[in-house]
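Step one of this worksheet: look at the structure below.
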Amino acid sequence: MRTSGPRTMTATLLVAFMCTMHAGIARAAPFELDWSAPEGCPSGERMLLATRARLGEHDSSAAPELFVRGTVTVEGAIVVLDLRVHDANGEDLGERRVRFDDRACEAIEAPAALVLAMMIGVARSREASATHEEPSGGPAEPAPVEPTAPESPPARARSPRPPPPAGEPTRVSPPMTVGLSGVASHGALPNVGFGGALRWTATLWASVMIGIEGSFETTWAVRAASGEATFRRIDAAVLIGAPVVRSRSFEIVPLLQGRGGILTGDVTGLPSTHDATSVVGALGAGVLGRIPLGQALRFEVLPDVRVPLTRDEFQIRRAGELIRVFRPEAVEARLSLGFAWELR
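Read the sequence shown against the working numbering and you will find it ends at 348, with the numbers running on by one and no gaps.
Here is the structure:
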């Protein structure tokens, strides 16, 4: 019977299609992963296995045709992942930056592997499209040339670019915050001092925090014989510390600080025997606590203690007699509460 011809042709086409699909999968470009991440993040081996699992592939001994570089940077409670893909000729095939807000670094393995697999799949499709566009090496039957048709110029060969150096670091700006706080202190002024502080901080290398702060404090008037005295303090500080606890819920950073400023006293009723302005300085230590309230807003609390470097005594004279008004304590304490905004 002659009906077997179409069936044979259909089976032949089906087998050819399956062989073509198998060959396309087998020719998937192998890739090499160059992974850089701080301690506590997934290792390069783990990311390589997770990415292959996403792609449904196994280890291959073939020479890599795609090169992927991944760099992880921890910025406070935010993890930043920079990815770049290029081929063997050094041509960039894509790059991407992914931010993981309020997520521990060790928990980025699954989503990072998914992004890696997607980028590799896109790069492979581009490579396959470029390969299909190239003319086949086998002999082809020349097409008839019309005498009126102009001859097209030969296509320019694409000059390969050198691959980027493997050790080139990815530039990531350090996380910075600007905060405004209310402060209350004891020991620096005659009574409980109160005022405000403006603070700027930056986290470098994911393990060192630096900052500067300016603050103003005053207190209510105190009795000075038959008069009154009001004291005010203005100072600035340099801060440095290292985060010891960092999670999605809070962050704790011990800080060392050096302070310098002026202490002024306004006396009414009687003249002061000394200049009413004194230069003050102090060394101190504190613990900065932060609680995320949103993507960029942070609640901050900073208790600290300070040891003054100078302790000038303020006195007044009445009828030839010196009357002591105030002298700073040997140890000062302060509490700061406020909000900070993270800058990007």
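Just so it is clear, CB atoms sit at the ideal spot from N, CA and C, and this is done for glycine as well. These figures come from a predicted structure and were not determined experimentally.
- With respect to the C-alpha of PHE71, the residue from GLU95, VAL78, GLY60, GLU49 having the closest C-alpha is GLU95.
- Sequence-distant Cβ neighbours of ARG50 in its own chain, meaning closer than 7 Å and more than five residues away, are GLU113.
- The DSSP-derived three-state label of THR223 is coil.
- Note on ASP270: under 16 other CB atoms within 10 angstroms of its CB, so exposed under the neighbour-count rule.
- Note: GLY191 is not bridge-paired with any residue in the DSSP secondary-structure output.
- If you check the CB distance, ILE244 and LEU292 do not come in under 9 Å.
- Per the C-alpha coordinates, the member of GLN299, THR77, ALA337 positioned closest to LEU287 is ALA337.
- Bridge partners of MET180 according to DSSP: ALA206, LEU347.
- The three-state reading of DSSP puts LEU53 in helix, counting H, G and I together.
- Separation of the CB atoms of THR272 and GLU232 is rounded to 5 Å, and the pair is thereby assigned contact status at 8 Å.
- Bounds of the beta strand (DSSP E) holding PHE71 are 70–79.
- Assignment of VAL335 by DSSP, reduced to helix, strand and coil, places it in the coil class.
- Of the candidates HIS90, GLU79, ARG101, VAL102, HIS90 places its Cα closest to the Cα of ALA127.
- Contact check for VAL226 and VAL329: beta-carbon distance about 7 Å, within the 8 Å limit, so the pair qualifies.
- Its chain contains GLY191, VAL309, ARG310, VAL311 as the residues whose beta carbon lies nearer than 8 Å to that of VAL335, once the 5 sequence neighbours on both sides are disregarded; these appear in chain order.
- Look at PRO115 here: in three-state DSSP terms it is helix.
- Within its own chain, the residues whose Cβ lies closer than 6 Å to the Cβ of SER40, once the five positions on either side in sequence are excluded, are THR75, listed in chain order.
- Straight through space, the alpha carbons of ALA121 and PHE303 are spaced by roughly 38 Å.
- Distance from the Cα of LEU97 is smallest, within the candidate group ILE124, SER185, ALA111, ASP105, for ILE124.
- For GLY44, same chain residues with a beta-carbon under 7 Å away, outside a window of 5 residues either side, are CYS109, GLU110 in chain order.
- Contact annotation: PRO258 and ALA246 have beta-carbon atoms nearer than 9 Å.
- Annotation for VAL83: the continuous beta strand (DSSP E) segment containing it runs 82–91.
- Straight-line measurement puts the Cα of LEU306 at about 10 Å from the Cα of ALA289.
- For the pair SER253 and PHE343, the Cα-to-Cα distance works out to about 16 Å.
- Taken in chain order, the complete beta strand (DSSP E) segments of 3 residues or longer contained in the stretch 291–324 are 301–312, 318–322.
- Of the candidates SER340, ILE216, GLU69, ARG236, GLU69 places its Cα closest to the Cα of ARG130.
- For GLU232, the enclosing beta strand (DSSP E) has its first and last residue at 231–245.
- Annotated three-state conformation of ARG252 is coil, per DSSP.
- A Cβ-Cβ separation of about 5 Å places ARG203 in contact with GLY183 under the 8 Å criterion.
- Our two residues, HIS62 and ARG101, have alpha carbons roughly 27 Å apart in a direct line.
- CA-to-CA, the gap between SER340 and GLY324 works out to about 42 Å.
- Exposure of SER65 is indicated by the presence of fewer than 16 other C-beta atoms within 10 angstroms of its C-beta.
- Under the three-state reduction of DSSP, ALA289 is assigned to strand.
- Here DSSP, grouped into helix, strand and coil, assigns SER211 to coil.
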